[in-house]
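Note that the protein sequences, when read in sequence, are chains A and B. Position one of the first sequence corresponds to residue 1 (our numbering), numbered consecutively onward. Position one of the second sequence corresponds to residue 314 (our numbering), numbered consecutively onward. Before any comments, here is the structure.
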Amino acid sequence: MSPHVRRRAVGIPNRDGLVMYGVLTGPQDEAGNGSAIVLCHAGVTSKAGTGEYLRLLAEDLAERGYVVLRFDQTGVGDSQGDLPDGVPIDAYYRRVQGGLFVADTEAAIDWVRREVQPRALYLFGHCGGGITASLVAAKEPEAFAGVISVALPVLLSQSNDDAMRAQDAGAADRPLLAKLARRLGRALRILVRGLGSADTAAPRRRAARAALDPRLHERFNHALHEAFTRLMDHGVPVLLLMASLDNETPEFDREFKALLQARPDWAGRWHAVYLPDTDHSVMFEASRACLTNAIVAGIPRMAGDVTAQGGTR
Amino acid sequence: LGENVRTVRATAREECRFIDGARDGDFLYARFHLPRKESSGTGVVIAPPVGHERLRCYRELVSLARSLASAGHPAIFADYRGEGESSGCYAETDLASRVEDVETMARELESVASCEKLAIVGVRLGAVLALLAAKRVEVSALALVEPVTSPSVYARDLLRANMILQRQYQGGIRRNAAALKAALQAGETVSVYGFHLGWPLLGALEELDPLPLQKSFAGRALILHFEHRSGRARPDLEGWRQEFGRAAGRPGLAEIVTPFSWAGKNVWIAGIEPLERKIAEWLGEDR
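Below, the structure written as structure tokens:
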């Protein structure tokens with residue numbers, strides 16, 4: 001580890017008072033550059049990431065002046081609490097994609113605000129952690145300087161969980177009218193959730209319209225799209241780092257990218273970078289360097305130092 | 314120290330913090346799990362597996378440490394240097410550095426829990442590290458969980474894992490085991506499921522013969538193996554068991570029936586309760 005970096009083991013209380021263990025990595029010069037980044041790992045793993053890639057990334061960023069928090073959410077890694085046993089892992093991924101760890105992440109952000117008092121706060125997430133980051137940032141978009149996602153899944157995971165599999169299979173085989181009714185129900189739910197909040201009305205209307213779009217995949221993550229819409233409408237920059245060897249990348253290209261490109265007013269607010277020879281878990285040395293470089297170049301761009309080119313490779 | 318949360322384990326306290334490593338400037342990320350009430354007097358160092366296998370059983374070992382502390386055994390479980398949150402680079406660490414880390418854990422546990430006896434629970438390659446550490450620190454008991462019985466075969470499997478990645482992501486095997494070994498000897502690293510293996514660890518594994526370690530260990534030992542169904546014979550482990558010295562009798566051999574698999578985690582299980590129970594009972598027999 002670089003002598004210019006310091007690490008601190010921390011315990012962060014979640015909303016129920018259980019301790020989530022984390023590591024705060026920052027420059028030796030405590031002030032750093034005034035920016036903090038909260039890293040959300042993929043979900044049911046641990047804060048260092050596969051082959052310690054998140055720890056190494058945090059050290060790289062700390063050397064450049066950023067304070068970085070990585071933490072284990074309730075029930076995973078070192079943290080207290082328990083996730084129920086016996087649930088298929090892919091069902092957990094799906095729960096993560098539906099916001100399982102949003103409250104934990106908000107608690108971690110509150111902690112960073114108190115302890116670090118950053119001038120700018122970024123959220124970073126890998127896989128399902130990218131969805132968590134987007135959902136959290138969308139709840140309070142003015143509080144975040146940017147969101148960075150690696151290998152973001154735009155479709156909900158397929159699951160071996162019997163109920164979820166039946167739901168997916170049923171959705172695919174359903175007659176056209178039933179599909180339409182389902183989409184209508186989803187759109188209404190989105191609209192009803194936004195009632196009484198003038199601030200969220202416009203993005204929710206747009207998300208509801210998207211939910212009616214019959215071209216969207218049955219497992220399309222509408223909550224993510226809704227969050228993304230809100231981030232874009234509030235001008236929160238989003239950096240999408242897509243792993244070129246990953247299944248999530250063609251799904252993003254096919255299911256999500258066109259929705260973003262259809263909104264010229266969003267151009268410059270989102271930026272997709274395709275990492276060459278990179279797998280979902282960023283297991284290769286060259287791809288890790290590539291990822292770090294993309295983030296290091298991307299954050300100043302998000303901060304407005306460099307003109308962004310929305311949607312370019 | 315934070316409160317533990319499972320009702321059944323409410324008798325334990327815990328803390329995660331950095332501790333000094335064996336060399337200047339080095340440090341380990343350690344989890345301390347201490348009984349809240351009376352201690353059994355036997356402290357437990359958990360020597361985890363290495364690399365991707367450590368990640369595979371991460372939560373299970375946290376759960377084991379909590380469970381042992383609830384049963385009255387102060388426990389420590391740290392990341393080896395080069396892994397997890399500890400200092401250093403995976404490619405530059407080897408067996409010797411990890412044995413030093415096991416010693417560091419034993420010393421730290423002693424400093425916070427004043428144990429009369431020390432036991433090591435070694436998992437997979439951690440079992441080999443436990444045997445190596447037992448030559449350097451006074452260990453009364455070794456629980457060897459799913460032990461790596463042949464380090465050289467284990468080393469070969471690491472290279473094979475890289476070839477699986479090549480096939481998966483590069484469309485075929487571009488470098489076979491011999492080419493990978495040559496590359497490692499030339500100072501390159503190869504990815505083993507994201508852990509960048511270097512020659513120091515692979516070379517040490519190829520050279521290590523655990524037989525003298527087994528023969529010289531004079532304390533109590535228990536070998537534990539995982540099975541999906543009860544009653545499967547394990548002649549490989551039976552043979553390995555026979556190689557232990559007779560000073561304290563042959564190690565026990567215990568089957569743990571669990572859905573746990575090293576190949577992957579398909580269903581979430583936070584802890585392997587039969588393993589936790591068996592080790593706590595076995596340690597308790599020595600009171």
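For every residue, glycine included, the Cβ atom is placed at its ideal position computed from N, Cα and C.
Complete runs of the alpha helix (DSSP H) confined to the segment 336-413 of chain B [at least 4 residues]: Complete alpha helix (DSSP H) runs here, min 4: 365-369 and 371-383.
Environment of B/E373 [buried if 16+ CB atoms lie within 10 Å]: B/E373 should be labelled buried.
With 16 other Cβ atoms within 10 Å as the buried cut-off, status of B/H346: By the 10 Å Cβ count, B/H346 comes out buried.
Inside the segment 486-517 of chain B only - beta strand (DSSP E) runs reaching at least 3 residues: Complete beta strand (DSSP E) runs here, min 3: 503-505 and 508-510.
Proximity test, Cβ basis, 9 angstroms: A/Y46 and chain B: The residue asked about is misnamed: residue 46 of chain A is Ser in this sequence, not Tyr. It does; some Cβ of chain B falls within 9 angstroms.
For A/Q309, three-class secondary structure by DSSP: The predicted model places A/Q309 with a pLDDT of 38, which falls under 50 and marks its position as unreliable, so this point remains unresolved.
Residue span of the alpha helix (DSSP H) that contains A/V102, given as start and end: Where A/V102 is concerned, the enclosing alpha helix (DSSP H) stretches over V102 to E115.
Straight-line Cα distance separating A/V136 from A/R211: The question names Arg, yet the displayed sequence has Ala at residue 211 of chain A. As the crow flies, the alpha-carbon of A/A211 is around 21 angstroms from that of A/V136.
Spatial neighbours of B/E421 in its chain, beta-carbon cut-off 7 angstroms, leaving aside the 5 residues before and after: The answer, listed in chain order, is I332, A343 and I389.
Minimum Cβ-Cβ distance from A/M283 to chain B less than 9 angstroms: So yes, A/M283 belongs to the interface.
Beta carbon of B/L588 nearer than 9 angstroms to that of B/L566: No, these two residues do not count as a Cβ contact at 9 angstroms.
Cβ distance (whole Å) where B/V450 is taken to contact B/L431 below 8 angstroms: So it is a contact: roughly 7 angstroms between Cβ atoms.
Residues, ordered as in the chain, of the segment 232-256 of chain A that lie near chain B by beta-carbon distance below 8 angstroms: The residues in question are L245.
Endpoints, alpha helix (DSSP H) assigned at A/S35: Here A/S35 belongs to no alpha helix (DSSP H); instead the beta strand (DSSP E) covers S35 to C40.
Separation of A/D104 from A/F124, as counted between CA atoms: Going by the C-alpha atoms only, they are around 14 angstroms apart.
Beta-carbon proximity of B/L442 to B/V412, cut-off 9 angstroms: Between B/L442 and B/V412, the gap from beta carbon to beta carbon is short of 9 angstroms.
Identity of the residues DSSP links to B/W581 by a beta bridge: Paired residue(s): A/V87.
Residues, ordered as in the chain, of the segment 483-509 of chain B that lie near chain A by beta-carbon distance below 7 angstroms: Here the close residues are T502, S504, Y506, G507, F508 and H509.
Segment limits, alpha helix (DSSP H) that includes A/A227: Element bounds for A/A227: H222 to D233.
C-beta neighbour in chain B for A/R55, strict 9 angstroms: So, interface residue.
Three-state secondary structure (DSSP) of A/Y122: Three-state DSSP puts A/Y122 in a strand.
9 angstroms Cβ cutoff met for A/F71 and A/A48: No, the pair does not count as a contact, with Cβ atoms beyond the cut-off.
Any C-beta of chain B under 9 angstroms from that of A/V147: Judged by the 9 angstroms Cβ criterion, A/V147 is not in contact with chain B.
CA-to-CA distance, A/D78 to A/S46, given in whole angstroms: For A/S46 and A/D78, the distance between alpha carbons rounds to 8 angstroms.
Buried or exposed (CB count within 10 angstroms, at least 16 for buried), A/A251: Sequence inspection shows Glu at residue 251 of chain A; the Ala mentioned does not correspond to that position. Classification for A/E251: buried.
Whole-angstrom distance between B/D522 and B/G395, CA atom to CA atom: Rounded to the nearest angstrom, the two C-alpha atoms are 24 angstroms apart.
Contact under 9 angstroms by Cβ, A/I89 with A/V44: In this structure, A/V44 lies closer than 9 angstroms to A/I89 by Cβ.
Contact list for the segment 15-32 of chain A against chain B, Cβ threshold 7 angstroms: Residues L18, V19, Y21 and V23.
Contact list for B/W281 against chain A, beta-carbon separation under 9 angstroms: Only positions 314 to 600 of chain B appear in this structure, which leaves residue 281 of chain B out of reach.
The segment 114-122 of chain A / the segment 137-153 of chain A touching (three or more Cβ pairs under 8 angstroms): Result yes; three or more Cβ-Cβ pairs closer than 8 angstroms.
CB of B/I592 within 9 angstroms of CB of B/L526, strictly: No, these two residues do not count as a Cβ contact at 9 angstroms.
Beta-carbon neighbours of A/I89, restricted to chain B and to distances below 8 angstroms: By Cβ distance, chain B contributes K578, N579, V580 and W581.
Bridge partners - B/V434, DSSP secondary structure assignment: B/I359 and B/A456, per the DSSP bridge assignment.
Limits of the unbroken alpha helix (DSSP H) element including B/L588: Counting along the chain, the alpha helix (DSSP H) containing B/L588 begins and ends at E586 to G597.
Closer than 9 angstroms to chain B by CB, A/T50: Interface residue, yes.
Short-range partners of chain B found in the segment 58-80 of chain A, where Cβ spacing is below 8 angstroms: Flagged, chain order: G75, V76, G77, D78 and Q80.
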